[in-house]
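Notes follow the structure.
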Amino acid sequence: MEAALPEERVQRRLAAILAADVVGYSAMMQRAEEATYAEFERLKRDLIAPSLSRHDGRLIKTTGDGALAEFASPLAAVRCATEMQNHLAEASGPFKLRIGLNLGDVIVGQDGDLYGDGINIAVRLEGIADPGGILMSEKVYSEVEGKLDVGFEDRGEQQLKNITKPVRIYAVRAGTHSVLAERLSAVPPLPDRPSIAVLPFENMSGDPEQEYFADGMVEDITTALSRFKWLFVIARNSSFTYRGKAVNVKQVGRELGVRYVLEGSVRKASGKVRIAGQLIDAITGAHIWADRFERDLTDVFALQDEVTVAVVSAIQPKIIQTEIALAARRRPENLTAYDYYLRALPQSYLATREGLAEAIRLAHRALDLHPRFGGAATLAGLCHMRNVIIGYADDPQFDRREAVRLSRLALSLDDSDPDTLAAAAVISAFMVGDIESAPEMADRAVALNPNSFGAWSARGWVCRAAGLLQEAVQSFERAIRMNPIDPLLHPSFVGMGIALIELRRFDEAIVAGKKAQRQKSSFWPAYCCLASAFAHLGRETEAREAVARLLEFDPAFTISAFIARGGQSNAKLLIEGLRKVGLPE
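In numbering that gives the first Met the number 0, the protein residues as written are 0 to 584.
Below is the structure:
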């Protein structure tokens, strides 16, 4: 058996590093310590943090007078650096920054901190940069040349302190990034992923207390949506500038650079509160989703939580469905890596041999265009796993290895992404047989995004494989409650059914199995669940009917092959029921 996934987790990764430092900070501190400290805190809050957020940067740490950040893309790092320097050049504040940029291999510490020459070179470049300037290594320059409207100056090879080999250095030429500054001050372009702004909900009660309630709920919804890393969410401060204004959704979309806008209202009457919400495509003005919630106004915080879950779990799949439809309509010559990923999703949902093969092909096309696209690697890994479990694999060992390899690749790119962790947990449990570490990964996934249907469903499967049966049932229940009308709930119903069989709750297992069958009659694992549960209850006629349907969809089914596909070590009663009903060994 292969080694457990977490034990071999990659501890190095390629990253674009930005190092920034305030020019003359020590001298300013000597002259006006408190004022300088307060001004630098404002700079971090109002410039550095928002710029990193806009360009998908991750703050590694701040020093007394500087900051260190990581980006998946050198292009994003240069755009962020240029944006910050342009802002400071145009402002009347006391600070100037030096910025150094490098692309290199880094060591990932236990605390998430990064180490190694990849970091050190960026810091050394920052130290010799001009005040207000940007220096970058040749590795960064080679990635961004010709992709930005800026000029570069080749400063040749230089020997940096404590760096063995000389580094060829390029500077952003002074004054030439004004074109980019103009672009940044203009209407922001749409990000290369789904984007949304949650506007302040209108208080229709005339009660000032309801203003606080509405604002709290909007903040909760914004925070919950921001946990989906594939979604670009406008920060609360920008969205709340529209408070009390009659808004045109298309104009809001243009001004904030988002495709989707969520707006709503709150009305209180007779001890009840009614919340209405609608999701709108800001490009076309089309309504994608609308709903209304009416609840007793008792525990305000519990009510906020309840409505937040309901809204987020409703609009998240609607956005995905809309994005898939948009990708399907784009011309082939214009497809991006994200478009290929979106086209792969519905193929993976089919869960047919042909659908999974096409999903894998499209996901690999996305990875060809964007090798650091963790979502595409995760999707391909899950499809390889399904090939093994469903029995489509011509070479199960190949698919098993690919599932593990792609999962490890996704983890090496971002081991704090809840979707990546959820998929890695399932693949680790079912393809590697690691039922000790997999639940921990699943727990991290739901902790990072408690509003993710996928994370809760994955936790259900992992807990079921690990023999944590009550936890499995509760996780599946949570997933289904969050996404009650999803047409892809049948695997979760089957997972719950198997856990219920192991708990000897056979009647409940039959209910779950029938729900899966009704949702997708060709999903043969539902008939495994039903056949076993009926057999345990001695309902032989119904058990044989379930077996007949099972063999209709999988004529070559054998119990030994089913066990060999993985994850059945803690499904003893399920297997016992299949033997009782006479399925071949």
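For glycine and all other residues, C-beta sits at the position ideal for the given N, C-alpha and C.
Just so you know, these numbers come straight off a predicted model, no measurement behind them.
Exercise. Is the region 424-432 close to the region 391-406, with three or more CB pairs under 8 angstroms?
Worked result: Counting Cβ pairs under 8 angstroms, three or more are found: they touch.
Exercise. Where are the alpha helix (DSSP H) runs, 4 residues long or more, that stay fully inside the region 301-364, in chain order?
Worked result: 336-349
Exercise. Would residue 56 be called buried (16 or more neighbouring beta carbons within 10 Å of its own) or exposed?
Worked result: buried
For this session: Take the Cβ of residue 268 as the centre, count every other Cβ of all protein chains shown within 10 Å, and call the residue buried at 16 or more, exposed below.
Result: exposed
For this session: Measure the alpha-carbon distance for residue 460 versus residue 500 and round it to whole angstroms.
Result: If you take the alpha carbons of residue 460 and residue 500, they lie about 14 angstroms apart.
Problem set entry | Residue from 137, 12 and 144 with nearest C-alpha to residue 154 | 137
Exercise. According to DSSP, is residue 373 helix, strand or coil?
Worked result: helix
For this session: Just list the alpha helix (DSSP H) runs in the region 228-271, keeping only unbroken ones of 4 residues or longer that don't cross its boundaries, in chain order.
Result: 235-238 and 248-255
Exercise. So the beta strand (DSSP E) residue 586 belongs to, where does it begin and stop?
Worked result: Nothing in the structure corresponds to residue 586, since the chain is present only between 0 and 584.
For this session: Starting from the Cα of residue 517, find the closest Cα among 436, 383 and 488 and give me that residue.
Result: Answer by Cα proximity: 488.
For this session: Return helix, strand or coil for residue 104, following the three-state DSSP convention.
Result: strand
For this session: Could you tell me whether the Cβ atoms of residue 169 and residue 135 are closer together than 8 angstroms?
Result: yes
Exercise. If we cut at 8 angstroms on Cβ distances, does residue 106 have a partner in chain C?
Worked result: Included in the structure is just one protein chain, with no chain C present.
Problem set entry | Span separating the alpha-carbon of residue 444 from that of residue 563 | Approximately 27 angstroms between the Cα atoms of the pair.
For this session: Report back the beta-carbon spacing between residue 119 and residue 161 to the nearest angstrom; my notes put them in contact at under 8 angstroms.
Result: Yes, residue 119 and residue 161 are in contact; Cβ-Cβ is about 7 angstroms, under 8 angstroms.
Exercise. How big is the Cα-Cα spacing for residue 95 and residue 129?
Worked result: 10 angstroms
Exercise. From 350, 265 and 221, pick the residue whose C-alpha is nearest to that of residue 201; which is it?
Worked result: When each option's Cα is compared against that of residue 201, the closest is 265.
Exercise. Out of curiosity, what's the CA-to-CA distance linking residue 573 and residue 289?
Worked result: 42 angstroms
Exercise. Using a Cβ-Cβ cut-off of 7 angstroms (strictly less than) and excluding sequence neighbours within five positions of residue 159, which residues of its own chain qualify?
Worked result: 120, 123 and 166
Exercise. Can the beta-carbon of residue 193 be found less than 8 angstroms from the beta-carbon of residue 241?
Worked result: no
For this session: Using the Cα positions of residue 512 and residue 493, report the straight-line distance between them to the nearest angstrom.
Result: Rounded to the nearest angstrom, the two C-alpha atoms are 6 angstroms apart.
For this session: Give the secondary structure of residue 166 by DSSP, where H, G and I count as helix, E and B as strand, and everything else as coil.
Result: Strand at residue 166.
For this session: May I have the straight-line CA-CA distance separating residue 184 from residue 359, to the nearest angstrom?
Result: Any reading at residue 184 must be qualified, since the residue scores a pLDDT of 44, below 50, and its modelled position is unreliable; the value itself is stated next. Those two C-alpha atoms are separated by around 40 angstroms.
Exercise. How do the region 332-339 and the region 364-372 stand: do at least 3 beta-carbon pairs fall below 8 angstroms, yes or no?
Worked result: Look at the beta carbons and you see the region 332-339 touching the region 364-372: at least three pairs across the two are nearer than 8 angstroms.
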